[in-house]
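To start, the structure itself, in structure tokens.
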Amino acid sequence: MIRLWPGSLRPKSVRIRLTLWYVGVLTVVLAVYLVVVYIFQYGLLTSQIYHDEIQDVETVEGLLYFDDHGALQLRQDYYSHPQSHLLVDRLMEIHDLAGNVLYRSDTLGAMVLGGTQKDDEGSSSFNERMVHLADGTHVLMISHRHPVEGRMLLIRLGYGLTPLAVRMQHFLLSLLLALPLALIVAGFAGYQIARRALAPLDSMAARAEQITASNLHGRLEIEDEDDELGRMARVLNSLLSRLERSFAQLQRFTADAAHELKTPLASIRAVGESVLHDGESRGAYREAISSMLEETARLNQTVEGLLLISSAEAGEITLQVATFPLREVVAGIIALLDVVMEEKHIRLVQQNELVAESLVVADRILLRTCILNVLHNALKFSPANSSVILTYDRIERSGRGFIRLSIQDHGPGISEQDRQRVFERFFRVREVRELAVQGAGLGLAIAKLAIESNGGDIYFEPNHANGSLCHIEVPAYEHANF
0 MIRLWPGSLR PKSVRIRLTL WYVGVLTVVL AVYLVVVYIF QYGLLTSQIY HDEIQDVETV
60 EGLLYFDDHG ALQLRQDYYS HPQSHLLVDR LMEIHDLAGN VLYRSDTLGA MVLGGTQKDD
120 EGSSSFNERM VHLADGTHVL MISHRHPVEG RMLLIRLGYG LTPLAVRMQH FLLSLLLALP
180 LALIVAGFAG YQIARRALAP LDSMAARAEQ ITASNLHGRL EIEDEDDELG RMARVLNSLL
240 SRLERSFAQL QRFTADAAHE LKTPLASIRA VGESVLHDGE SRGAYREAIS SMLEETARLN
300 QTVEGLLLIS SAEAGEITLQ VATFPLREVV AGIIALLDVV MEEKHIRLVQ QNELVAESLV
360 VADRILLRTC ILNVLHNALK FSPANSSVIL TYDRIERSGR GFIRLSIQDH GPGISEQDRQ
420 RVFERFFRVR EVRELAVQGA GLGLAIAKLA IESNGGDIYF EPNHANGSLC HIEVPAYEHA
480 NF
């Protein structure tokens, strides 16, 4: 990266740095511009001198004559010629082809103009060259041959470049005097432009300072979404949104943990205090310890559920995606819940079992967690001597294939108003609360996060007449055979 200043001298203000960059670049541009203009002006004036000399030579050619003594003269009325006044300060010398000087202007005195005559000098056109006089004067000279009364003459005419040098010095001085003034004006204008361009940054900084943990919903204002500052504001707003979600997630986790841990901890404390106060037998202590272990198991299950939900919401779950038959997972879950079914004499019915042999693409552990929670709820809330029906179907949704597992029970069911909230954490429908069935209300929330992490879906059938009907859709392997 190009640095204009050493680190210790670097201005702290971005406005000042931008202004100095602007002035620095402008200085270089103007310096190059001045050099180009100076060279162009010098070339233009030199070209003008050359054309003036040609006109002077053409004027002289019309005024030359030989007098009665054979001396070359200028006509006495040349001052009345439209261009003759240009000859007064010019340097002129006329030779014959033998090199003899026939005429020399008074402005030359005894000095020679152009030195030794060249063989082809002025023969074809006007020859231009730079020469030096004896006094050191630089002269731009042109040569041209012209016949006068039958004799071929070489006319040399030149301009001294001293006036041109003085004029160019004045021109350069004017440019150099104008440069600092232009830079001062440009610096002031550049600072104002930088201040105006960076004004939205000040506004965003002031707004960002107002955003705290208590009002993370605040966002930066975006004046123009298409410029760089607008894109930066969008990025910062996106960052604030992620922070708000993370902070809200942390608050929910803290509140949920405090809410759910309060009851088991209070129960453990109450049992312990009761035994210490009243318990005298070994059996009482054993019963108290058993109760404490039961509450501890529930407590551990609740904490693990909260951690799983928190990790899923934060996108921190690493999926171990594999391809396997859906029946393998379901069979393992049925074997695990066989004790519950025997205790309540619930019959498990499976329909379209051939579809269950289909391959699905998912994280086996998360899929097992989802199905286990839903099926366990179905068994827990179904009355004794009833049945739970598992139905397998192949469906298409959004151009993708899914294996749908439908779990139907004969429990209290879910009302329409509760159907939308049943997957919320710690939500329990009124009928379940009235049955006083133990549970933290995390099972379906975990099931939803688990299946959605695998790209599937879970929902309850609306307006189901008898019990509840839950559908779990798992992405199917595209080359599976049915």
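At position 264 of the sequence shown the residue is numbered 263 (numbering that gives the first Met the number 0), and the sequence of numbers has no breaks. Yeah, the Cβ is synthetic: ideal placement off N, Cα and C, and Gly gets one too. Being a predicted model, the structure only gives us computed values, none of them experimental.
First and last residue of the uninterrupted alpha helix (DSSP H) at I15: V13 to E60
Sequence-distant residues of its chain with Cβ nearer than 6 Å to G438 (five each side left out): Low per-residue confidence applies at G438: pLDDT is 48, beneath 50, and the placement is therefore not dependable enough to give any value.
Close-in-space but distant-in-sequence residues of the same chain around D66 (CB under 6 Å, 5 per side omitted): Q72
Supposed close pair V359, Y391 - CB separation, criterion 8 Å: Incorrect: roughly 11 Å between the Cβ atoms, too far for contact.
Selection from E415, G398, G466 and L264 that minimises the alpha carbon distance to P488: Examination of residue 488 is not possible in this model, given that the chain is present from 0 through 481 alone.
Proximity of L163 and Y41 at Cβ, strictly below 9 Å: yes
Inter-residue Cα distance where the pair is L182 and Y32: 14 Å
Extent of the continuous alpha helix (DSSP H) to which V165 belongs: T161 to Q209
Validate contact between the region 152–168 and the region 136–143 using beta carbons, cut 8 Å, 3 pairs: Yes, the region 152–168 is in contact with the region 136–143.
F246, DSSP secondary structure in three states: helix
Bounding residues of the alpha helix (DSSP H) (the contiguous stretch that carries F380): R363 to F380
Cβ-based neighbour list, G98, same chain, cut-off 6 Å, excluding 5 preceding and 5 following: Q116
Bounding residues of the beta strand (DSSP E) (the contiguous stretch that carries S386): S386 to R396
Residues that E127 bridges to, as DSSP identifies them: E127 is bridged by DSSP to I141.
D95 (DSSP reduced to helix, strand or coil): strand
Cβ-based burial, G455 [other Cβ within 10 Å; buried from 16]: buried
Of the residues A185, N126 and R281, the one placed nearest S142, counting alpha carbons only: N126
DSSP-derived helix/strand/coil call for Y476: coil
Other residues of its chain near T322: CB distance less than 6 Å, five sequence neighbours each side excluded: L358, V360 and Y476
Own chain partners of A287 with C-beta closer than 8 Å, once the 5 adjacent residues on each side are dropped: V270, G271, S273, V274 and G278
Alpha-carbon to alpha-carbon, T368 and A449: 7 Å
DSSP bridge partner residues for S504 (one or two, in chain order): Because the chain is modelled from 0 through 481, residue 504 falls outside the range shown and cannot be assessed.
Terminal residues of the alpha helix (DSSP H) in which I445 lies: G442 to S452
Distance between beta carbons of T18 and A198, contact taken as under 8 Å: Rounded, the Cβ-Cβ distance is 15 Å, inconsistent with contact.
Of the residues L325, V387 and M91, the one placed nearest I364, counting alpha carbons only: Nearest C-alpha to I364: L325.
Cα-Cα separation between V373 and A446, rounded to whole angstroms: When the Cα atoms are used, V373 and A446 turn out to be separated by approximately 7 Å.
Nonlocal neighbours in the same chain, by C-beta distance under 6 Å from G121, ignoring five residues either side: Shown here for G121: same chain residues with a beta carbon closer than 6 Å to its own, the five before and five after excluded, namely S142, H143, R144 and L153 in chain order.
Three-way DSSP call (helix, strand, coil) for N465 in this model: coil
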